[in-house]
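Comments concern the structure below.
In UniProt numbering, the protein residues as written are 1 to 632.
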């Protein structure tokens, strides 16, 4: 039998194969059964237990995804709004496994929420409930356009109202989760899941209900649009020929909509959608992300937009109109150029642009709008997954740095999200504005998925686990490969830190940022080790850097300005060449006597024995700081 060394003892390959086979088939395994099979191989057993936990998690995610896609597929087949809402509520109750599920439709004229469909209710009050503006959990969900939940409704500090409280009491609700239904900035309503017992809703339940609400929101919006198009076609059909033409257009719209929806349900990305639109419309298609749209250089270097004879203002005006109306818009002075806002959520608004080779046909504008909605759904799904991952990243990073939770607890949470907590760690801090956090975080997670990161008031703190360590050169290449970090100050460390050292190390890196800021250095990738002496001297009071430099170099700088001399450069070169007059003269390309005269002048200007070791050290530090500031 083949055996392989795993340390002081060996374990049979056949035994390892049998254990992995059990895990692959989904059979339950525990430490006892693995020890019986493999012997006292703790490291190998820990790895196999981690593998088993990960595969169970994957199967659970696959089950949820299949259920969500099945739900969305069923909803697409329903065109009647009333049936659509009931289908949605039924599926929500089934997927979440709650006692009660219900959907409230938002009326923007009265700012009220009216229950339109429910499942699991035992009283007559809930199906007829109207929630006044700002009342209860529902009012907060609509106001914030974000998920809210409570494990005990009676103990919440939310605004109460007699009829709402009566309905809640009649149903015996205790725990409640609500998520908004929002498309293109328009609130359509809210979807709720409730239990008749205390229950803490987990991230998976919130994400699943939010995804279901997002799907239903976009589909409901599309259904309304299709209803409007069908009504318009019926009203405008002045003859059989016109009616047939409208029916043909509508059929084409339905076929394209179904094709696009299937792409989304099958998990395809934006590229598949643009390919379908390009082939269907015989046009060129371009997606421009929100960061590029906000750039003052837009639309330079953006494909056919850069070559089109249209202004930036006209393009942005068309996108704004599309965002407000939910329709595609022809860009001014460009008959064959159509734009549509891809508004997936409140943080990101991309632009879809279609350049037709021939004049657009009837219905082409609607097809472009449908494509924008499909892209919005794709972006919402991607953003939901990214947000969930980033929340776990941030929580793990905070707990690791704080060192207040057990490592076993953190490892359990990390395994559920496929992160590793194997130290030691490398640290990176990024100084950036709050509006750039999402953009920078997405970029960093994309180039290295294993990192952990958390927001700090001046920016982001990033932790690289042992498996993701990089050399200084590699870090520089990764962090400068994109313009995402071009306007940011990034401080990196070559040192590897254990968990107990992370809090102190993080403070040191942010102290280095403050020292660099005091030298007017606000961009670039900077190794903290290069500035360690200055951080140690001024990290607790970076505002003293300027005062120190002025106190040490001020008299020399004033003399240089008045006399057009160069005493500071001479003194720096003198120190850099070990106080050798001849080498200083050679480095400055001047005569030795010139250097001697300048040093004598420095004696007079400083009015101190500046060659004394202590004073010379402080002068040298001030000169080095001055040189760092001049380089930037």
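Ideal Cβ placement from N, Cα and C applies to all residues, glycine included.
{"Asked": "Cβ pair residue 623, residue 553 closer than 9 Å", "Found": "yes"}
{"Asked": "Cβ contact (3+ pairs, closer than 8 Å) linking the region 120-129 and the region 95-109", "Found": "yes"}
{"Asked": "Simplified DSSP state of residue 116, which is helix, strand or coil", "Found": "strand"}
{"Asked": "The region 553-564 touching the region 516-523, judged by at least three CB pairs closer than 8 Å", "Found": "no"}
{"Asked": "Residues that DSSP places opposite residue 105 in a beta bridge", "Found": "114 and 189"}
{"Asked": "For residue 138 and residue 104, believed in contact at Cβ under 8 Å, the rounded distance", "Found": "6 Å"}
{"Asked": "Which listed residue (114, 143 and 179) has its alpha carbon closest to that of residue 163", "Found": "114"}
{"Asked": "Cβ pair count under 8 Å reaching 3, the region 498-509 against the region 446-455", "Found": "no"}
{"Asked": "Reference residue 357; option with closest CA among 318, 284, 588 and 332", "Found": "284"}
{"Asked": "Cβ neighbours of residue 637 in the same chain (closer than 7 Å, five flanking residues each side left out)", "Found": "Since the first and last residues shown for the chain are 1 and 632, residue 637 lies out of range."}
{"Asked": "Cβ-based burial, residue 393 [other Cβ within 10 Å; buried from 16]", "Found": "buried"}
{"Asked": "CB of residue 461 within 9 Å of CB of residue 429, strictly", "Found": "yes"}
{"Asked": "Cβ pair count under 8 Å reaching 3, the region 374-384 against the region 263-274", "Found": "yes"}
{"Asked": "Presumed contact (8 Å Cβ cut-off) between residue 161 and residue 136, rounded CB distance", "Found": "7 Å"}
{"Asked": "Helix, strand or coil at residue 180 [DSSP, three-state]", "Found": "strand"}
{"Asked": "Residue 199 versus 176, 365 and 412, residue with shortest Cα-Cα distance", "Found": "176"}
{"Asked": "Under 9 Å between C-beta atoms of residue 305 and residue 341", "Found": "no"}
{"Asked": "DSSP state of residue 453 mapped onto helix, strand, coil", "Found": "strand"}
{"Asked": "Runs of alpha helix (DSSP H) wholly within the region 417-451 (minimum 4 residues, chain order)", "Found": "437-447"}
{"Asked": "Any non-hydrogen atom of the ligand NAP closer than 8 Å to residue 221 Cβ", "Found": "Only the bare structure without any ligand can be found here, which leaves the ligand NAP out of the picture."}
{"Asked": "Residue 390, DSSP secondary structure in three states", "Found": "helix"}
{"Asked": "Validate contact between the region 86-96 and the region 197-211 using beta carbons, cut 8 Å, 3 pairs", "Found": "yes"}
{"Asked": "Sequence-distant residues of the same chain with beta carbon closer than 7 Å to residue 573, five excluded per side", "Found": "584, 587 and 588"}
{"Asked": "Own chain, CB closer than 6 Å to residue 366, minus 5 neighbours either side, in chain order", "Found": "253"}
{"Asked": "Length of the line joining the Cα atoms of residue 11 and residue 41", "Found": "8 Å"}
{"Asked": "Secondary structure, alpha helix (DSSP H): runs of 4+ residues fully inside the region 539-608", "Found": "544-563, 567-576, 581-588 and 592-606"}
{"Asked": "Where the alpha helix (DSSP H) through residue 148 begins and ends", "Found": "Run containing residue 148: none in the alpha helix (DSSP H); it sits in the beta strand (DSSP E), 148-150."}
{"Asked": "Exposure label - residue 203; buried when at least 16 CB within 10 Å", "Found": "exposed"}
{"Asked": "Residue 548 vs residue 422 beta-carbon contact at 9 Å", "Found": "no"}
{"Asked": "Residue environment, residue 351, which counts as buried when at least 16 other CB atoms sit within 10 Å", "Found": "buried"}
{"Asked": "Which of helix, strand or coil DSSP assigns to residue 330", "Found": "strand"}
{"Asked": "Exposed unless 16 or more other CB atoms sit within 10 angstroms - verdict on residue 14", "Found": "exposed"}
{"Asked": "Pairwise C-alpha distance: residue 355 and residue 312", "Found": "16 Å"}
{"Asked": "Nearest-angstrom Cα separation, counted from residue 86 out to residue 181", "Found": "15 Å"}
{"Asked": "Whether residue 116 touches residue 178 by CB criterion (9 Å)", "Found": "no"}
{"Asked": "Same chain, Cβ closer than 6 Å to residue 330, neighbours up to 5 away in sequence not counted", "Found": "338"}
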